[in-house]
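Numbering (the numbering used here), first residue to last: 2 to 296.
For every residue, glycine included, the Cβ atom is placed at its ideal position computed from N, Cα and C.
Since the structure comes first, as structure tokens, the remarks are kept for the end.
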């Protein structure tokens, strides 16, 4: 998706200021527009329906708490008030109103994790009340709730996704690029959530894994070519369509390990939620994929 003009101007200036003129065209083409959410103080639950991470969710009174296939209450992770968050979405893909809530089952294994992503409309949000889980949840722990503050962000490709030859020059190294990433992303200490952009990981194949499961129901075998073949077969052998599906895969949410909230994804890793662009535009949040990355 093309960068908005003000983002192109800002990115070009930052690249020139940091000696990355040689990579301007490459990073203009590969940088993405994201939304970052930072913790904005421990929640006191006096204002319901606000964006929140951890703690208890605000749910419509009659809404049944999401359960795992084993019948265990899922663990509440995040609720995002779309009126507050969507205005920072330069991609204009998120719902403009309502609330998006994320729940998780057991976080093992690290792929195809059981979860629920639910969108509540504005009427449901107005009726929402603080709800405690009916019993011990899947992650068997309690977490501290924090309010969230969203902002727009620019997200150049991360370590796993960059083309080293396009980045390095006689004057700058990959270490210099790491420093540049922090500046362009405008990373804050209290950041805990990222929407869109590039997922943290060791490899650049998270979108293949998600697309394969969402479209075919098959698990990824850590082979991009084989995954593309299976996705293409789903589309009657159309490999161009398969590649487009992978390219259009959206990282709906990345949730970090955080000591304040109490979340720890394996060895201080991150949790990822993916959705097809087509499903995101259609509001099909029942069609999402969840995985975990930990070093």
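With respect to the 8 Å criterion, residue 201 and residue 213 are not classified as neighbours on the basis of their beta carbons. By the criterion of a C-beta distance shorter than 7 Å, residue 61 is surrounded in its chain by 121, 125, 128, 129, once the five residues flanking it on both sides are discounted. Beyond the five residues adjoining it in sequence on each side, residue 144 comes within less than 7 Å, by CB distance, of 55, 56, 262, 263, 264 in the same chain, given in chain order. Minimum Cα-Cα distance from residue 110 among the listed residues 221, 257, 230 corresponds to 221. Unbroken beta strand (DSSP E) runs of no fewer than 3 residues, entirely contained in the segment 109-181, are found at 116-121, 147-156, following chain order. Contact annotation: residue 83 and residue 105 have beta-carbon atoms that are not nearer than 8 Å. Assignment of beta strand (DSSP E) within the segment 217-274, counting only whole runs of 3 or more residues, yields 251-257 in chain order. The continuous alpha helix (DSSP H) containing residue 26 extends over residues 25-31. Inter-segment contact for the segment 32-41 and the segment 184-204 is present: three or more beta-carbon pairs are separated by less than 8 Å. In the three-state reduction of the DSSP assignment, residue 285 falls in the coil class. Three or more beta-carbon pairs drawn from the segment 273-289 and the segment 245-261 are found closer than 8 Å, and the two stretches are therefore classed as touching. Here residue 34 is not near residue 15, since their CB atoms are 8 Å or more apart. The three-state reading of DSSP puts residue 293 in strand, counting E and B together. Taken atom to atom, the span from the alpha-carbon of residue 71 to that of residue 138 is near 12 Å. Contact check for residue 108 against residue 44 fails: the beta carbons are separated by 8 Å or more. In the same chain as residue 13, and ignoring 5 residues on each side of it, the C-beta atoms closer than 8 Å to its own belong to 25, 29, in chain order.
By a beta-carbon distance limit of 8 Å, residue 136 does not contact residue 85. Their separation comes to about 31 Å. Taking the Cβ atoms as the reference, residue 96 lies roughly 6 Å from residue 87, within the contact range of under 8 Å. When DSSP states are grouped into helix, strand and coil, residue 100 belongs to the strand group. Note that the segment 176-185 does not touch the segment 228-244; fewer than 3 beta-carbon pairs, one per stretch, sit closer than 8 Å. For residue 196, the enclosing beta strand (DSSP E) stretches over residues 192-196. Taking the CA atoms as reference points, residue 168 sits about 41 Å from residue 140. Selection 47, 36, 123 evaluated against residue 91 yields 36 as nearest (Cα-Cα). Residue 163 sits buried, since 16 or more C-beta atoms from the chains shown fall within 10 Å of its C-beta.
By the CB criterion at 8 Å, residue 153 and residue 23 fall outside the cutoff.
By the neighbour-count definition (other C-beta atoms within 10 Å, threshold 16), residue 210 is a buried residue. By the Cβ-count criterion, residue 188 is exposed, with fewer than 16 other Cβ atoms from all chains shown falling within 10 Å of its own Cβ. With contacts defined by Cβ atoms closer than 8 Å, residue 268 and residue 292 do not form a contacting pair. Each residue's CA atom was taken as its position, placing residue 59 and residue 118 some 14 Å apart.
The Cβ atoms of residue 32 and residue 156 lie closer than 8 Å to each other.
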